[in-house]
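Let me begin by presenting the structure, written as C-alpha cells, before commenting on it.
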Amino acid sequence: MNWQQLEYFKTVAETQNFTSAANLLSVTQPALSKSISKLEEELNVPLFEKSGRNIKLTRFGIMFLKHANIAIKEINEGVQELQDIINPMTGTVSISSLYTIGTHFIPSIISEFLKESPNIKFEFGIQSTSNILKGLKDGKFDFGFYDEFEDIKKYEEIESFPIKNEELVVIVPKNHHLADKTEVFLKDLKEESFVFFSEGIKGKMCSVFENLGFIPKVSMRPNESSMVVTGFVSAGIGISIVPDTPNLITHELSVLRIKEPYCYRTVHMGWLKNGYMTPSAKIFKDFVIEASSKIII
1 MNWQQLEYFK TVAETQNFTS AANLLSVTQP ALSKSISKLE EELNVPLFEK SGRNIKLTRF
61 GIMFLKHANI AIKEINEGVQ ELQDIINPMT GTVSISSLYT IGTHFIPSII SEFLKESPNI
121 KFEFGIQSTS NILKGLKDGK FDFGFYDEFE DIKKYEEIES FPIKNEELVV IVPKNHHLAD
181 KTEVFLKDLK EESFVFFSEG IKGKMCSVFE NLGFIPKVSM RPNESSMVVT GFVSAGIGIS
241 IVPDTPNLIT HELSVLRIKE PYCYRTVHMG WLKNGYMTPS AKIFKDFVIE ASSKIII
C-alpha cells in the first residue's frame with residue numbers, strides 16, 4: 001500500500017465513477033482500475049461495487065475510507081509543516097477576538113506587524129471569550145484575544161499572556177442626570193442599573209462594587225458586544241462600564257472617567273500550549289509579546 005493508492009481510492013470514493021476520477025487524477029482509467037484492484041487484493045476485501053452505471057463503496061470501503069482520510073490529512077499536515085519550516089516568512093495566521101479588541105487593537109497590531117513581515121496573511125473573526133477559548137482548545141485558530149475570564153482555569157491547555165491594559169469608563173445616555181459630568185466616583189453609582197458587555201468586566205466590577213459596600217443592579221446580561229451595549233445604554237435601559245475605545249464617540253452617549261477607584265481591563269493573547277505552531281504564527285506571537293512590553297500599563 002502506498003500514498004498514491006490512498007489518493008486514488010479517496011478520489012474514486014468521492015466521484016463514484018472511475019472515468020471521472022481518472023480525469024481528476026490525470027491518469028488512464030485502466031491504470032486507476034489496476035491500482036484499486038491491487039489495493040483490494042492487499043486488503044483482501046472488495047472496496048467498491050457496481051451501482052447502475054456508477055459504483056459505490058462497500059461496507060468495507062466505507063470503513064476503510066474513514067482511516068484513509070485521516071492518513072491523508074496527517075500526511076498533508078506534515079508536508080505543510082515542512083513547507084512552513086522552509087518558508088517561515090510566508091503562511092497564514094488565524095485570529096479570533098472580542099469585538100472591542102478586534103475593532104481597534106487587532107488592526108493596529110497587524111498593520112505594524114506587516115511592515116516587518118509583509119508576506120504573512122491573516123484570517124480574522126469576532127467571537128465571545130468562551131467561544132474563543134473553546135476554539136483555541138479545539139485548534140480552530142492560532143491565537144485568541146480576550147479580557148479576564150473567571151473560568152480560565154478550566155482551560156489548562158491554553159497559554160494566556162497579558163498584553164495590554166485598557167482604562168474602563170462609564171457610559172450614560174445623553175438625557176441621564178450624570179451626562180454633563182466628565183468624571184464620576186463609583187460609590188456614587190449605587191442606585192444605577194447596569195448593562196455589562198462581558199462576563200469578565202461584570203465579574204471584575206462586581207468585586208469592586210462589593211468592596212465599596214454594595215452589589216450593583218444588573219438590568220441586562222452580558223453578550224460580549226459593545227455595539228449592542230451602547231444601543232441599550234442609549235435607549236436608557238441602564239448605564240455601563242466599558243473599555244475606553246474610539247468607537248465610544250457618539251452623539252447619543254456621554255463618556256465619564258472613573259475618578260476613584262481606577263479601573264481597567266487586561267487584554268490577553270492566548271494559544272494552545274502543546275499545539276503545533278507554524279513559524280509564521282510564532283513570529284507573530286513573538287512580535288505581539290515584544291510590543292506588549294511597550295504598551296501594557
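Each residue of the sequence shown is one higher than the last, beginning at 1 in UniProt numbering. Even for Gly, the Cβ is constructed at its ideal location relative to N, Cα and C.
Between PRO261 and THR90, the alpha-carbon positions lie close to 46 Å from each other.
Between VAL229 and VAL195 a beta carbon distance of about 5 Å is seen, short of the 8 Å cut, so the two are scored as contacting. In the three-state reduction of the DSSP assignment, LYS121 falls in the strand class.
Under the Cβ criterion (8 Å, minimum of three pairs), the region 136-147 counts as touching the region 155-163.
DSSP places GLU157 in the coil class of the three-state scheme, outside both helix and strand. Beyond the five residues adjoining it in sequence on each side, LEU212 comes within less than 7 Å, by CB distance, of LEU186, LYS187 in the same chain, given in chain order.
Within the DSSP secondary-structure output, VAL172 pairs in a beta bridge with SER254. Note on MET205: 16 or more other CB atoms within 10 angstroms of its CB, so buried under the neighbour-count rule. Looking at PHE143, SER108, GLU112, ILE258, the one whose alpha-carbon comes closest to that of PRO246 is SER108. By the Cβ-count criterion, GLU191 is exposed, with fewer than 16 other Cβ atoms from all chains shown falling within 10 Å of its own Cβ. Taking C-alpha positions only, VAL233 is separated from TYR146 by approximately 23 Å. Between GLU183 and ARG257, the CB-CB gap stays under 8 Å. Of the other Cβ atoms in all chains shown, fewer than 16 fall within 10 Å of the Cβ of GLU41; this residue is therefore exposed. Take the alpha-carbon of SER97 and the one of LEU189: they are about 30 Å apart. By DSSP's assignment, LEU272 forms a beta bridge with ILE158. With 16 or more other CB atoms across the displayed protein chains lying within 10 angstroms of its CB, PHE48 is buried.
Inclusion of ILE163 and VAL267 in the CB contact set at 8 Å is warranted, their separation being smaller than that value.
Excluding sequence positions up to five before and after GLY144, its CB lies within less than 6 Å of the CB of SER96, ILE132, LEU136, GLY270, all in the same chain and listed in chain order. Rounded to the nearest whole angstrom, the CA to CA distance from VAL45 to LYS66 is 16 Å.
Taking the C-beta atoms as reference points, LEU43 is found no nearer than 8 Å to ALA13. Residue pairing by DSSP puts SER51 in a beta bridge opposite ASN54.
By the C-beta density criterion, LEU114 is exposed, having fewer than 16 other C-beta atoms within 10 angstroms. Taken through DSSP and simplified to helix, strand or coil, SER111 comes out as helix.
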